[in-house]
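If you number the sequence shown the way the numbering used here does, the last residue is 179 and the count never jumps. Ideal Cβ positions, reconstructed from N, Cα and C, are used throughout, including at glycine. Keep in mind the model is a prediction, meaning the values are calculated, not measured.
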Amino acid sequence: MGNRDEEYDYLFKVVLIGDSGVGKSNLLSRFTRNEFNLESKSTIGVEFATRSIQVDGKTVKAQIWDTAGQERYRAITSAYYRGAVGALLVYDIAKHLTYENVDRWLRELRDHADSNIVIMLVGNKCDLRHLRAVPTDEAKHFAEQNNLSFIETSALDSTNVETAFHNILTEIYRIVSQ
2 MGNRDEEYDY LFKVVLIGDS GVGKSNLLSR FTRNEFNLES KSTIGVEFAT RSIQVDGKTV
62 KAQIWDTAGQ ERYRAITSAY YRGAVGALLV YDIAKHLTYE NVDRWLRELR DHADSNIVIM
122 LVGNKCDLRH LRAVPTDEAK HFAEQNNLSF IETSALDSTN VETAFHNILT EIYRIVSQ
């Protein structure tokens, strides 16, 4: 007998990408386990976690993959993106360089992922308002130019984490279920 939480109508692979230290692992743990770790170490290789949500009465199971932002792990690229239907491209609102690198991550996505992948630009660490280095409007404009959805989150205080994942999963569901 299979247990209830193994039953789902859709399984969507979503990848987290962005520079090292922007909070990808904490976004993953906040959404899947409601945990946050201030001492979280750099991810080595790849890890993933799952969580199911309801969309239009259907059970959507998200398999969310997290990878090292460091260059030396980039060899895993094509396997990492294979089968992904969504991507959260994450930068740190308090570190402008992580935002400048969004362009490069976007190119990598476009090179390696399915052309129909749903991409959301995520400005993480919005709790660090006093240290903001990336204006919201600038990122919003970039997202519009590149046909991405956009949201600012804080894995630390939970701001918009649920919303970000629900929005991207709902967007994927709407496309897939047509």
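The criterion of a C-beta distance shorter than 7 Å is not satisfied by residue 144 and residue 24. Here DSSP, grouped into helix, strand and coil, assigns residue 125 to strand.
DSSP, read as helix, strand or coil, puts residue 52 in strand.
Looking at the backbone, the Cα of residue 111 and that of residue 64 are separated by about 20 Å. The count of Cβ pairs closer than 8 Å, one atom from the stretch 119 to 127 and one from the stretch 84 to 96, reaches three, so the stretches are in contact. Secondary-structure assignment with DSSP links residue 13 through a beta bridge to 63. Only exposed fits residue 177, as fewer than 16 other CB atoms lie within 10 angstroms of its CB.
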